[in-house]
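Quick notes on the structure that follows.
There are 2 protein chains.
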Amino acid sequence: MVHRKFQRMTPQRKIILEELRQLRFHPTADEIYDRVRLRLPRISLGTVYRNLESLAAQGAIRKLDMAGSQRRFDVNTELHHHIRCLRCGALEDVSVGLPSSWEDMLVDTHGYDIQGVHLEIWGFCPKCLEDRDRVNCQENTDHNETCTH
Amino acid sequence: MVHRKFQRMTPQRKIILEELRQLRFHPTADEIYDRVRLRLPRISLGTVYRNLESLAAQGAIRKLDMAGSQRRFDVNTELHHHIRCLRCGALEDVSVGLPSSWEDMLVDTHGYDIQGVHLEIWGFCPKCLEDRDRVNCQENTDHNETCTH
DNA sequence: TTAATTATTAGTAAGCGTTATCGATAAAAT
DNA sequence: ATTTTATCGATAACGCTTACTAATAATTAA
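Here the protein sequences line up with chains A and B, keeping their order.
Here the first sequence is numbered in my numbering, starting from 1 and rising by one per residue.
Here the second sequence is numbered in my numbering, starting from 1001 and rising by one per residue.
If you want it as structure tokens, here you go:
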């Protein structure tokens, strides 16, 4: 008996969805805002947030709450995980699912009724590994923070 | 050649660490603040944050950036994962580590040099599963949000 | 021991990402 | 045609965290 509110496909909502579909890397709200503003210069950031929220509620997109950082939005609504490059910030989908036997073990051990799994992996992407070998950043104390761009 | 700054064990830092060790469930900064204030009524929230930060830098505690929620702090500095109850908000350590074969597969598939893995699981804890059977909340649209306390 | 340096403090302001409020507007329902 | 409702842009408020400030106490250097 869930009452699903009627949603209008306004020009704003349509363009937000279009731009989100074109951005390969799961963008943040303000990245989407910047893109959308090129086509709708008078749109407000609140409208972007409001529409991303309702699109997520409707199941058209997926809201990603990443650990310790800005929220991101994903057109891929399938359940999947993410891997992030600590150097360039790239956020990729992870193609390999968790083994179901592992989840079963969790249920047995903790007795939880599992509703969702959120997995984030951090590392250095192949491209940045190359760069790291070429350009030596190691005299800096923290590669992660000094080399991010 | 990492220069580690000298750290003083001030009364504030000492008490923050003591209280954190006594709180079983990974507390947030303001939960720690409330506890510490009972012993140091004039301490400021900024001091709590500052000390939690430096204790984490020094490796005495672990900073947990949970998806979409407040930061939490953990005295368990071993690498481990977490499971959270959607109803009562309990946050438990997960005893079962990820299979190493799975991580190997990730490296092969994506070519990343993996630095860290962050796994969060959501579900209903055994205690809340019981309560859910006793007290019927199902006429509400969203159990997760209405029943949290 | 005395003087200079440094880490730390409490208090407060600022920052940042997100959400809520508001009157106005336009689409949908009656 | 009239009412109802969703949505809008603009802006204020919110919650959590960090940065700034002058004051203070611990450490180091002279």
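For every residue, glycine included, the Cβ atom is placed at its ideal position computed from N, Cα and C.
Alpha-carbon spacing of residue i relative to residue j, whole angstroms
i, j, result
"B/Lys-1063", "B/Pro-1011", "21 Å"
"A/Gly-123", "A/Phe-6", "42 Å"
"A/His-26", "A/Gly-111", "34 Å"
"A/Ile-61", "A/Thr-28", "13 Å"
"B/Asp-1034", "B/Gln-1070", "15 Å"
"B/Ala-1067", "A/Pro-41", "32 Å"
"B/Asp-1030", "A/His-118", "25 Å"
"A/Leu-38", "A/Met-9", "19 Å"
"B/Ala-1090", "A/Lys-127", "40 Å"
"A/Glu-78", "B/Glu-1078", "32 Å"
"B/Gly-1059", "A/Gln-58", "43 Å"
"B/Cys-974", "A/Cys-125", "The structure shown does not extend to residue 974 of chain B, since chain B spans only 1001 to 1149, so no value can be given for it."
"A/Ser-101", "B/Gly-1116", "22 Å"
"A/Arg-50", "B/Arg-1050", "34 Å"
Any chain A beta carbon closer than 8 Å to residue i
i, result
"B/His-1026", "no"
"B/Ala-1060", "no"
"B/Val-1117", "yes"
"B/Ala-1067", "yes"
"B/Asp-1113", "yes"
"B/Glu-1120", "yes"
Cβ shell of residue i (< 8 Å), same chain only, five flanking positions each side left out
i, result
"B/Asp-1155", "Beyond the ends of chain B as shown, which are 1001 and 1149, falls residue 1155 of chain B; an answer cannot be given."
"B/Glu-1036", "With the sequence shown as reference, residue 1036 of chain B is identified as Val, and Glu is not the correct amino acid for it. Closer than 8 Å at Cβ, skipping near neighbours: Gln-1012, Ile-1015, Ile-1016, Glu-1019, Ile-1043 and Val-1048."
"B/Ile-1032", "Ile-1016, Glu-1019, Leu-1020, Leu-1023, Val-1048, Leu-1052 and Phe-1073"
"B/Leu-1129", "none"
"B/Ser-1054", "Gln-1007 and Arg-1013"
"A/Leu-45", "Ala-29, Asp-30 and Tyr-33"
Any chain B beta carbon closer than 8 Å to residue i
i, result
"A/Phe-124", "yes"
"A/Pro-99", "yes"
"A/Leu-86", "yes"
Chain A contact residues for residue i, given Cβ-Cβ distances below 7 Å
i, result
"B/Ser-1095", "Thr-109"
"B/Pro-1041", "Neighbours of B/Pro-1041 on chain A: none; closest Cβ ~31 Å, over 7 Å."
Within chain B, the residues that residue i reaches when beta carbons sit closer than 9 Å
i, result
"A/Asp-74", "Within 9 Å Cβ-Cβ: nothing; A/Asp-74 doesn't reach chain B, min ~13 Å."
"A/Ile-83", "Leu-1106, His-1110, Tyr-1112 and Ile-1114"
Contact under 8 Å by Cβ, residue i with residue j
i, j, result
"B/Val-1096", "A/Thr-109", "yes"
"B/His-1082", "B/Glu-1092", "yes"
"B/Ile-1114", "A/Ile-114", "no"
"A/Leu-106", "B/Val-1094", "yes"
Per-residue contacts from residue i into chain B (C-beta, under 8 Å)
i, result
"A/Leu-91", "Those within 8 Å of A/Leu-91 in chain B number zero; the least Cβ separation is about 12 Å."
Beta-carbon contacts of residue i that lie in its chain and below 7 Å, excluding the five residues immediately before and after
i, result
"B/Glu-1103", "Ile-1114"
"B/Asp-1065", "Arg-1071"
Residue i: contacting residues in chain A (beta-carbon distance under 8 Å)
i, result
"B/Leu-1055", "The premise fails here: B/Leu-1055 is roughly 17 Å from chain A at the closest Cβ pair, so nothing lies under 8 Å."
Chain B residues whose Cβ lies nearer than 7 Å to that of residue i
i, result
"A/Leu-175", "The displayed coordinates of chain A run from 1 to 149. Any statement about residue 175 of chain A would go beyond what the structure contains."
Beta-carbon contacts of residue i that lie in its chain and below 6 Å, excluding the five residues immediately before and after
i, result
"A/Ala-56", "Lys-63"
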